[in-house]
Amino acid sequence: MENQPIPKTMLQAVQQFSDPQVAHDFFVQIRWPNGVACPRMGCGSASVAYLAKYRRWYCNDCKRQFTAKVGTIFEDSPIPFTKWLPAIWLLASNRNGVSSCELARALGTTQKTAWFMLHRIRLAMGQESFGRLNGEVEADETFVGGKLRHKRRTHYHVPSGMKAVGSVGKTPVLGIVERSNDERQGQARAFVVPSVRKGTLVPKILENVDSAAKMFTDSLMSYKHLDRYFAAHEVVNHAFEYVRGNAHVNNVECFWSVLKRTLGGTYVHVLPEHLQAYLNEHIFRFSERTNQDGPRFAKAVKMVDGKRLTYKALTDK
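49 is the number of the first residue of the sequence shown in our numbering; add one for each residue after it.
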């Protein structure tokens with residue numbers, strides 16, 4: 049197989065991946081840079097024979113055949129690489145994401161197919177653990193959901209004695225953003241959480257942030273006493289100030305700003321059970337924000353290995 053270049057623009061991607069063989073060879077090159085190995089569980093043998101006519105391999109150890117899609121989000125998908133790769137390009141490069149309706153028009157598929165494709169790609173973009181965040185780290189919480197005046201009264205519950213304002217009927221989300229420095233690009237993590245109580249937020253922060261880090265938060269009581277677990281903890285009370293020297297949460301606020309424009313402007317309506325998938329998509333683009341479109345796309349393609357999502361698991365039907 050001839051090595052394929054990584055496209056730098058959308059035009060190059062469309063032209064390059066219009067050829068089924070080129071698209072197939074590009075994915076094989078990204079997935080197996082050191083040579084094809086059997087993806088079957090417990091095998092991993094590099095002793096394989098390529099059956100060019102069928103675009104599949106035969107493993108000499110486990111005596112089974114496999115295609116490039118086996119063991120990835122593409123497994124059992126009839127959609128060709130000529131559509132999968134442009135779809136990954138669009139989702140990885142568009143700052144505010146791409147809707148399933150827009151992708152369906154671009155690829156010539158149904159909206160249902162495009163929606164399922166996007167969720168598979170979001171699964172691939174999911175947060176991978178490469179160690180805890182370190183250095184200067186900001187944590188903040190937000191609530192995702194439409195305004196109450198646009199909801200039916202039966203769609204949310206207002207506890208006795210409370211007014212139907214603010215966070216009622218919305219989904220709480222915890223965000224953790226590592227500030228960039230001269231050595232590395234700051235990464236981000238975000239999680240759908242059941243509440244913003246201390247017993248929920250602090251364990252998540254401890255799980256994802258190194259104890260040597262310096263934490264920055266707002267004045268929410270749930271963050272009180274974080275200095276017991278980290279090197280330092282500075283608080284910004286937004287009732288009086290937004291920045292005090294180096295103490296601020298502007299990076300995580302920027303993270304929320306782009307996320308909410310994406311959810312409100314591109315996806316419009318996101319169910320709470322799917323929100324984590326949309327967070328994963330946003331985290332990927334945010335953490336790769338300094339990369340050009342080509343390298344970001346190549347990284348997204350590489351992340352499809354070892355993951356799978358069925359329609360039944362996605363919709364619980």
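A virtual CB, placed ideally from N, CA and C, is assigned to each residue, including glycine.
Taking the continuous beta strand (DSSP E) assigned at ALA238, which residues delimit it?
Against the sequence shown, residue 238 aligns to sequence position 190. Segment 236-240, the beta strand (DSSP E) holding ALA238.
Going straight from the alpha carbon of VAL343 to that of ARG143, what length do you get?
Translated into positions along the sequence shown, residue 343 becomes position 295. Translated into positions along the sequence shown, residue 143 becomes position 95. Looking at the sequence shown, residue 343 is not Val but Pro. In a straight line, the C-alpha of PRO343 is about 15 Å away from that of ARG143.
From the DSSP output, in three-state form, read off MET89 for me.
Translated into the one-based positions of the sequence shown, residue 89 becomes position 41. MET89: coil per DSSP, three-state reduction.
What number of angstroms, rounded off, separates the C-alpha of ASP341 from the C-alpha of PRO251?
Looking up residue 341 in the sequence shown gives position 293. Looking up residue 251 in the sequence shown gives position 203. Near 35 Å, if we compare the C-alpha coordinates of PRO251 and ASP341.
So, under 8 Å CB-CB, GLY193 and LYS218 are touching, yes? Tell me the CB distance rounded to an integer number of Å.
Taking the first residue of the sequence shown as 1, we reach residue 193 at position 145. Taking the first residue of the sequence shown as 1, we reach residue 218 at position 170. Confirmed, Cβ separation roughly 3 Å.
Tell me the start and end of each unbroken alpha helix (DSSP H) in the segment 261-297 that is at least 4 residues and wholly inside, in chain order.
none
Output the distance between the C-alpha atoms of ASP258 and VAL241, rounded to the nearest integer angstrom.
As a working note, residue 258 is residue 210 in the sequence shown. As a working note, residue 241 is residue 193 in the sequence shown. Each residue's Cα considered, the two are about 20 Å apart.
Under 8 Å Cβ to Cβ from SER66, same chain only, skipping five residues before and after it: list those, please.
Indexing the sequence shown from 1 puts residue 66 at position 18. For SER66, the CB contacts under 8 Å within the same chain, skipping 5 residues up- and downstream, are THR130 in chain order.
If you draw a straight line from the alpha carbon of MET210 to that of ARG276, how long is it in whole angstroms?
Position 162 of the sequence shown, counted from the start, is the residue given in the question as residue 210. Position 228 of the sequence shown, counted from the start, is the residue given in the question as residue 276. The predicted model places MET210 with a pLDDT of 41, which falls under 50 and marks its position as unreliable, so this point remains unresolved.
Tell me, please, which residues DSSP counts as bridged to VAL192.
Taking the first residue of the sequence shown as position 1, residue 192 is located at position 144. The partner list for VAL192 (beta bridge, DSSP) reads THR219.
Can you tell me the Cα-Cα spacing of TYR106 and CYS86, whole angstroms?
The sequence position of residue 106 within the sequence shown is 58, counting from 1. The sequence position of residue 86 within the sequence shown is 38, counting from 1. One alpha carbon belongs to TYR106, the other to CYS86, and they sit about 8 Å apart.
Inter-residue CB distance, ALA295 and VAL284 (contact presumed, cutoff 8 Å)
Within the sequence shown, numbered from 1, the residue matching residue 295 stands at position 247. Within the sequence shown, numbered from 1, the residue matching residue 284 stands at position 236. Indeed they touch by this definition, with Cβ atoms about 5 Å apart.
Beta bridge counterpart(s) of ARG104 as assigned by DSSP
On the sequence shown, residue 104 is found 56 positions in, with the first residue counted as 1. Residue pairing for ARG104: DSSP places it in a beta bridge opposite LEU99.
In or out: GLU12 buried (at least 16 other Cβ within 10 Å) or exposed?
Residue 12 lies beyond the residue range present for the chain, which begins at 49 and ends at 365; the question has no answer from this structure.
Taking only the alpha-carbon atoms, compute the straight-line gap between GLY174 and ARG237 and give it to the nearest angstrom.
Position 126 of the sequence shown holds residue 174. Position 189 of the sequence shown holds residue 237. Distance between the alpha carbons of GLY174 and ARG237 is about 10 Å.
Using CA atoms only, rank isn't needed, just tell me which of PHE164, VAL291, GLU189, LEU59 is closest to ILE224.
Here residue 224 corresponds to residue number 176 of the sequence shown, with the count starting at 1. The shortest C-alpha separation from ILE224 is found at GLU189.
In angstroms, rounded to a whole number, what distance separates the CA positions of VAL216 and PHE191?
The sequence position of residue 216 within the sequence shown is 168, counting from 1. The sequence position of residue 191 within the sequence shown is 143, counting from 1. Those two C-alpha atoms are separated by around 9 Å.
Name the DSSP beta bridge partners of VAL185, please?
If you number the sequence shown from 1, residue 185 lands on position 137. Its beta-bridge partners are GLU226, MET263.
In the DSSP output, what is THR161 paired with across the bridge?
Taking the sequence shown and counting its residues from 1, one reaches residue 161 at position 113. Answer is none; THR161 lacks a bridge partner.
Close beta carbons around LEU249, own chain, < 6 Å, minus the five adjacent residues each side
Against the sequence shown, residue 249 aligns to sequence position 201. LEU222, SER270, listed in sequence order.
Report yes if the C-beta distance between VAL185 and MET89 is below 9 Å; otherwise report no.
As a working note, residue 185 is residue 137 in the sequence shown. As a working note, residue 89 is residue 41 in the sequence shown. Not closer than 9 Å, so no.
Do ASP353 and ARG104 have their C-beta atoms closer together than 9 Å?
Translated into the one-based positions of the sequence shown, residue 353 becomes position 305. Translated into the one-based positions of the sequence shown, residue 104 becomes position 56. Not a contact, by the Cβ cut-off of 9 Å.
Since THR338 contacts GLY145 with CB under 8 Å, what's their CB separation in whole angstroms?
Within the sequence shown, numbered from 1, the residue matching residue 338 stands at position 290. Within the sequence shown, numbered from 1, the residue matching residue 145 stands at position 97. The C-beta distance from THR338 to GLY145 rounds to 19 Å, too long to meet the 8 Å contact threshold.
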